[in-house]
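Q: Sharing a structure here in structure tokens format.
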Amino acid sequence: MDVPAELRYTEEHEWVDARSEAVRVGITEYAQDQLGDVVFVDLPEPGTSLTAGDVFGEVESTKSVSELFAPIDGEIIVSNAAVADAPELINSDPYGEGWLVEIMPAEPADVGALLDADAYQKLIEG
Amino acid sequence: MTIPSPLDEVHRELGAAFTDFAGWSMPVRYGSELAEHRAVREAAGLFDLSHMGEIEVTGPGAAAALNYALVGNLASVKVGRARYSMLCAEDGGVLDDLVTYRLADERFLVVANAANVDVVARALAGRAEKFDAQVTDRSREFALIAVQGPNSADILRAVSDADLGGLKYYASMEATVAGIDLLLARTGYTGEDGFELYCSPEQAPALWRALTEAGEPHGLLPAGLASRDTLRLEAGMPLYGHELSSGMTPFEAGLGRVVKFEKEGDFVGRKALQARSEQSPERVLVALAGEGRRAPRAGYAVLGPDGERNVGEITSGALSPTLGYPIAMAYISAGLSETGTALTVDVRGKSLPVTVTALPFYQR
Chain A
1 MDVPAELRYT
11 EEHEWVDARS
21 EAVRVGITEY
31 AQDQLGDVVF
41 VDLPEPGTSL
51 TAGDVFGEVE
61 STKSVSELFA
71 PIDGEIIVSN
81 AAVADAPELI
91 NSDPYGEGWL
101 VEIMPAEPAD
111 VGALLDADAY
121 QKLIEG
Chain B
127 MTIPSPLDEV
137 HRELGAAFTD
147 FAGWSMPVRY
157 GSELAEHRAV
167 REAAGLFDLS
177 HMGEIEVTGP
187 GAAAALNYAL
197 VGNLASVKVG
207 RARYSMLCAE
217 DGGVLDDLVT
227 YRLADERFLV
237 VANAANVDVV
247 ARALAGRAEK
257 FDAQVTDRSR
267 EFALIAVQGP
277 NSADILRAVS
287 DADLGGLKYY
297 ASMEATVAGI
307 DLLLARTGYT
317 GEDGFELYCS
327 PEQAPALWRA
337 LTEAGEPHGL
347 LPAGLASRDT
357 LRLEAGMPLY
367 GHELSSGMTP
377 FEAGLGRVVK
387 FEKEGDFVGR
397 KALQARSEQS
407 PERVLVALAG
417 EGRRAPRAGY
427 AVLGPDGERN
437 VGEITSGALS
447 PTLGYPIAMA
457 YISAGLSETG
467 TALTVDVRGK
477 SLPVTVTALP
487 FYQR
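Below is the structure:
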């Protein structure tokens, strides 16, 4: 399973790209593989305020429903409209076109507390 | 500890994702379950169903024993044909739904759901006691491979000289496929033409590989249990544990026609089922269709059109891969079961408008 070194991760199998001011969030390759074909995504409106751990959306596959959890405190800047129209992008390109939202962190330093690629790799290897 | 399929190694080579199903470790999908679903509708899919149970009933009294044990008239089934039936409790509750093949005058093969094999084997043995019949659970002696989809006959023809034209729907024959002697049946659970091949576990990997090779030019894909579930749902076929359970009779499920009161002699559940057949059930199984992409799922509450009163519960649901909109089956109050009735489903706090529709959702 691909776990890009430049990203940060959560225990709920989300990735966070903190290389820009507003951080981009998606689900990992491992998560999409566990879900199977994604057929529906429910994402929040821009302007939604989140506290880390809040449920901010849902990803549905044919067999299951998974909630999305805010990785950090912040505000939704943009939701990926392309993925709402074509949820299969989450399967085909989870770290690229299958991104979900961009969040403006309330506290940019919070991202540093997330898992790094090595720690996440260990998590999914159990 | 889960039981591996006789095809476990083949599935691992194919990179399958596995699921625990009634104590068995079975492939849930190989790649994309939507692609596997589509392959079965448009070309063909190859399924491992080795978890299903096979129980043999033999002897001069086999037909009479089955007529007493099951709600259907198995004695009227001709040799070489098969029949869908149910095993009911004394109170009419459904213990399992079954396909029974009559292999010879005095030999039947009863195919049970994996989760119910022990219940079925025990019930059949107990109910057959006063008949001149033997009941033997042969589940571990059979692997079961299904080829389903419009191209399945072409695929079988490439590896067998069997007279497929003469093999009707719900019929079976002894055949040689890819050099392997097996029981070939024209049955399935997908709503498509297709075949089920009962062979020895030892020969299953060779058979699977031969069918894979023969199927390649015909668009055959290995298909897992995820696609099997969406295929049977589109075809409006009930799944034990969802649409069927010991808490309800065949009449609530709209399958009262499988109960053959006119057959000779007593059968287990006759009294309770007779009484039930003369009343209107309080709740009935219906088909629901919605809009959008959000699927009702098993256990979700069905509410009235006002979104208030709880009128029932979803038993199975999915975004239909073939139709592109949400479909479901549900038990609801009988007064609301008419086709066209508008209802809502509570999808995790959001209400999804649905309409009662006719089964099946999809017909080939």
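Top to bottom, those sequences are chains A and B.
So for the first sequence, this note's numbering puts the first residue at 1; every next one is plus one.
So for the second sequence, this note's numbering puts the first residue at 127; every next one is plus one.
Note that the Cβ used here is the ideal one computed from N, Cα and C, for glycine as well.
All values reported here derive from a predicted model rather than from experimental measurement.
#1: Is the Cβ-Cβ distance between tyrosine 95 (chain A) and glutamate 29 (chain A) less than 9 Å?
#2: So, glutamate 322 (chain B) versus isoleucine 271 (chain B), is the Cβ gap smaller than 9 Å?
#3: With asparagine 193 (chain B) as the anchor, note down where its alpha helix (DSSP H) starts and where it stops.
#4: Quick check: the Cα distance between glycine 206 (chain B) and glycine 461 (chain B), rounded to an integer number of angstroms?
#5: Compile a chain-ordered list of the residues in the stretch 270-291 of chain B whose CB is closer than 7 Å to at least one CB of chain A.
#6: At 8 Å on the CB atoms, spell out the chain A contacts of threonine 356 (chain B), in chain order.
#7: Please work out which residues of its chain come closer than 6 Å, Cβ to Cβ, to aspartate 217 (chain B), disregarding the five sequence neighbours upstream and downstream, and give them in chain order.
#8: Contact check, alanine 456 (chain B) vs glutamate 439 (chain B) under 8 Å by CB: the rounded distance?
#9: Are valine 285 (chain B) and alanine 170 (chain B) close, meaning C-beta to C-beta below 9 Å?
#10: From the DSSP output, in three-state form, read off aspartate 319 (chain B) for me.
#11: Starting from glutamine 274 (chain B), follow the beta strand (DSSP E) in both directions and report where the run begins and ends.
#12: Under a Cβ-count criterion, where at least 16 other Cβ atoms within 10 Å of its own Cβ denotes burial, should leucine 449 (chain B) be classed as buried or exposed?
#13: Flag this pair as yes or no: are the beta carbons of valine 166 (chain B) and alanine 349 (chain B) separated by less than 9 Å?
#14: Closer than 9 Å, Cβ to any Cβ of chain A: which residues of the stretch 401-425 of chain B, in chain order?
#15: Please tell me whether alanine 413 (chain B) and threonine 483 (chain B) are closer than 9 Å, where the distance is taken between their beta carbons.
#16: In terms of alpha-carbon separation, which member of B:Gly317, B:Arg335 and B:Asp263 lies closest to alanine 240 (chain B)?
#17: What residues in its chain sit with their C-beta under 7 Å from that of glycine 320 (chain B), if we drop five residues either side in the sequence?
#18: By the 7 Å beta-carbon criterion, what residues does the stretch 27-55 of chain A contribute toward chain B?
#19: Taking the straight line between their C-alpha atoms, what separation do you get for histidine 344 (chain B) and glutamate 464 (chain B)?
#20: How should tyrosine 295 (chain B) be labelled, buried or exposed, when 16 other C-beta atoms within 10 angstroms of its C-beta is the threshold for buried?
#21: So, does the CB of leucine 160 (chain B) fall closer than 9 Å to a CB anywhere in chain A?
#22: Evaluate methionine 1 (chain A) with the Cβ neighbour count: other Cβ atoms within 10 Å of its Cβ, from every protein chain shown; 16 or more gives buried, anything less gives exposed.
#23: Only counting runs of 4 or more residues, tell me where the alpha helix (DSSP H) segments fall wholly within the stretch 220-269 of chain B, in order along the chain.
#24: Which residues does DSSP list as the beta-bridge partners of isoleucine 131 (chain A)?
A: Taking the definition as stated:
#1: yes
#2: yes
#3: 188-195
#4: 42 Å
#5: none
#6: Thr62
#7: Around aspartate 217 (chain B): Ala398.
#8: 6 Å
#9: Pairing valine 285 (chain B) with alanine 170 (chain B) gives a Cβ-Cβ distance that is not under 9 Å.
#10: coil
#11: 269-274
#12: exposed
#13: Cβ atoms of valine 166 (chain B) and alanine 349 (chain B): closer than 9 Å.
#14: When C-beta distances to chain A are compared with 9 Å, the residues of the stretch 401-425 of chain B below that value are Gly418, Arg419, Arg420, Ala421 and Arg423, in chain order.
#15: yes
#16: B:Asp263
#17: Ala272, Val273, Gln274, Gly275, Ser278 and Gly314
#18: Here the close residues are Gly36, Asp37, Val39 and Phe40.
#19: CA-CA distance, histidine 344 (chain B) to glutamate 464 (chain B), rounds to 41 Å.
#20: exposed
#21: Closer than 9 Å: yes.
#22: exposed
#23: 243-253
#24: Any property of residue 131 (chain A) remains undetermined from this structure, which presents chain A solely from 1 to 126.
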